[in-house]
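> Mind having a look at this structure? Questions to follow.
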Amino acid sequence: MPFIAENHFQFILEIAVIIFATIIFTINLVPISLSVVTFLSLFLSVGFTFLFGADLLMLFLAFGQNEFTHPFGPIALLAIITALASLKVMEDSGVNVVGLKKLVFALLLGITVFGGLMHRSFLLLWIIGLFIGYFLISKSFRQKSYLTIKRILMFLGIGAAGFFILELLSQLLHMDIFSPLLRIGRLEENSLPSLKMVLKNTQLVGHVQGSAFWGAQDTGFASGYISLPMGFIIMFGLPFPLFFGLLVTKKDMIDYMLPGIFGYAFDFGYLGLLGLVLISLITIVVGLKMLRVYRSKREKNNKNYLGREVLLIGSLTAFMAQALIGLFIFNRSINGTALLTFIILSALVIAHIVSLKRN
């Protein structure tokens, strides 16, 4: 493979290698204490609360919206779950965290409201992520199982309430953008044609040449439906096919209407999809195994890994939630800038193997 990427797929791989190397070296070279991780998680939580709130305000003031929840929603989830895990460690150590706990739950509520109003897929990612996060925290600290009927019903109730509130707001404010029913209607209308197109043209590697929007100029592989942020590609002056301006609607037939398993299969072929699934599974398995290692060390009164442990809980939670939403519900959740986030989260999980071997 040449050093200068020749298509979107090669560019994604090259950027992923750079990100993995950077994060692995950073985690090994920078001291990751519990206090540092807690401070950074709180700082990020406050920042995302204001960011999502500002984005929502701009929407109400008719200035448009940036939809920060797509690329930054998983990072916000990482920050909140890491903060909750840090509180649990400090609480078990006898530290009074009542005031800090109130702050974290206030931030959690703020992000839930602002991000949920901004986009329905974020609300789903957030609820699933909180469920996974609390489960991992309870298992890591050997608490009573978090999976009780009452709590499952509570999470389902929160999701149903969020759905109802969004639909009510859309009716009261005459803002269709809030309506989950409208989103479902669009999916019913447009998903089936998109699905037929993908299934008909997907091959082992890439898709039938000419079946993408570009017609005769289509290469049959990495046609731009899956890509890193457009700004990256333009900055490096790479001559790749890009969906921009009015052409975004052509990309949306896959990016907006289908789950990621179909988007990645069409652009990179069934082998590309298999690679994505394997990377996701490897990341999750590695993360779970490393959590057991960290728990064993903590229970032997080794406090050197507390910062790494809570960071891993947050990173693994965010990665799992984003993978579930992106692969099985909404391709856009692991595409563009969100794909960059997905790579970063995977690196934040995998990097713990190297840091532990070093010690």
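One rule links them: number in my numbering = place in the sequence shown (from 1) + 14. Heads up, the beta-carbon is just placed ideally off N, CA and C, and yes, glycines get one too.
For the alpha helix (DSSP H) that contains F313, what are its first and last residues?
According to the sequence provided, residue 313 is Glu. The question's Phe does not apply to it. Run containing E313: G274 to E313, per the alpha helix (DSSP H) assignment.
> For L182 and L131, what's the separation of their Cα atoms in angstroms?
So the alpha carbons of these two residues sit roughly 11 Å apart.
> Cα separation between D266 and V300?
33 Å
> Taking the alpha-carbon positions, what's the S154 to I339 distance?
24 Å
> If you draw a straight line from the alpha carbon of D69 to that of I248, how long is it in whole angstroms?
Across the structure, D69 and I248 are spaced so that their CA atoms are roughly 25 Å apart.
> Please state whether the Cβ-Cβ distance between I37 and L362 is less than 8 Å.
Contact: yes.
> Rank Q336, F227 and S360 by C-alpha distance to the C-alpha of P88 and give the top, closest one.
Q336
> Skipping 5 residues on each side, what residues in its chain have a beta carbon closer than 8 Å to that of N21?
T233, F235, A236 and F254
> According to the neighbour-count rule (16 or more other Cβ atoms, all chains shown, within 10 Å of its Cβ), is T263 buried or exposed?
exposed
> Based on the DSSP output, what are the partners of T216 in its beta bridges?
H221
> Would P45 pass as a contact of A352 if the rule is Cβ separation under 8 Å?
no
> On the three-pair Cβ rule with 8 Å, is the segment 238-245 touching the segment 301-321?
No contact exists between the segment 238-245 and the segment 301-321.
> Grab the span of the alpha helix (DSSP H) containing F82 for me, first residue to last.
Careful: F82 lies outside any alpha helix (DSSP H) and carries neither H nor E.
> If S360 and I293 are in contact, beta carbons under 8 Å, what's the gap, nearest whole angstrom?
7 Å
> Skipping 5 residues on each side, what residues in its chain have a beta carbon closer than 8 Å to that of V368?
I38, I41 and N42
> In terms of residue numbering, what span does the alpha helix (DSSP H) encompassing H22 cover?
H22 to L43
> Taking 8 Å as the threshold (C-beta atoms), are Y278 and L287 in contact?
Taking 8 Å as the cut-off, the beta carbon of L287 is found closer than this to the beta carbon of Y278.
> What number of angstroms, rounded off, separates the C-alpha of L48 from the C-alpha of L213?
48 Å
> Report the residue from G220, I343, A99 and V31 whose alpha carbon sits nearest the alpha carbon of F282.
For F282, the nearest C-alpha among the options comes from G220.
> In this structure, how does DSSP classify Q157 when only helix, strand and coil are distinguished?
coil
> For K102, which residues in the same chain have their Cβ closer than 7 Å to its Cβ, ignoring the five residues on either side in sequence?
Within the same chain, K102 has close Cβ partners I151 and F155.
> Measuring straight from C-alpha to C-alpha, what distance separates Q231 and T126?
44 Å
> Run the CB neighbour count on E313, radius 10 Å, all protein chains shown included, and call it buried at 16 or more, exposed below.
exposed
> Between the C-alpha atoms of K115 and G238, what's the straight-line distance to the nearest angstrom?
44 Å
> Identify, in the order they occur along the chain, each residue of the same chain with its Cβ nearer than 7 Å to the Cβ of T52, setting aside the five sequence neighbours on each side.
Hits under 7 Å: A97 and S100.
> Relative to the C-alpha of L305, which residue among E323, V291 and I296 is closest?
Nearest of E323, V291 and I296 to L305, Cα basis: E323.
> Can you tell me whether L376 is buried or exposed, with buried defined as 16 or more other CB within 10 angstroms of its CB?
In this structure the chain extends from 15 to 373, so residue 376 is not present and cannot be described.
> Within its chain, find whatever has a CB closer than 7 Å to the CB of T346; leave out the 5 residues flanking it on each side and keep chain order.
In the sequence under discussion, the amino acid at residue 346 is Arg, which differs from the Thr named in the question. Answer for R346: H84, D269, Y270 and A352, listed in chain order.
> Report the residue from G129, A90, I142 and M168 whose alpha carbon sits nearest the alpha carbon of L180.
G129
> Looking at the secondary structure, which residues open and close the alpha helix (DSSP H) in which V118 lies?
V112 to M132
> Could you pull out every residue in the same chain whose Cβ sits closer than 7 Å to the Cβ of I146, ignoring the five residues on either side in sequence?
T331, M334 and A335
> Quick one: what does DSSP say Y239 is sitting in, helix, strand or coil?
Coil.
> Could you round the C-beta distance between I33 and I357 to whole angstroms and report it? I think they count as a contact, below 8 Å.
5 Å
> Hey, quick one: how far does the alpha helix (DSSP H) through I339 stretch, first residue to last?
L320 to F342
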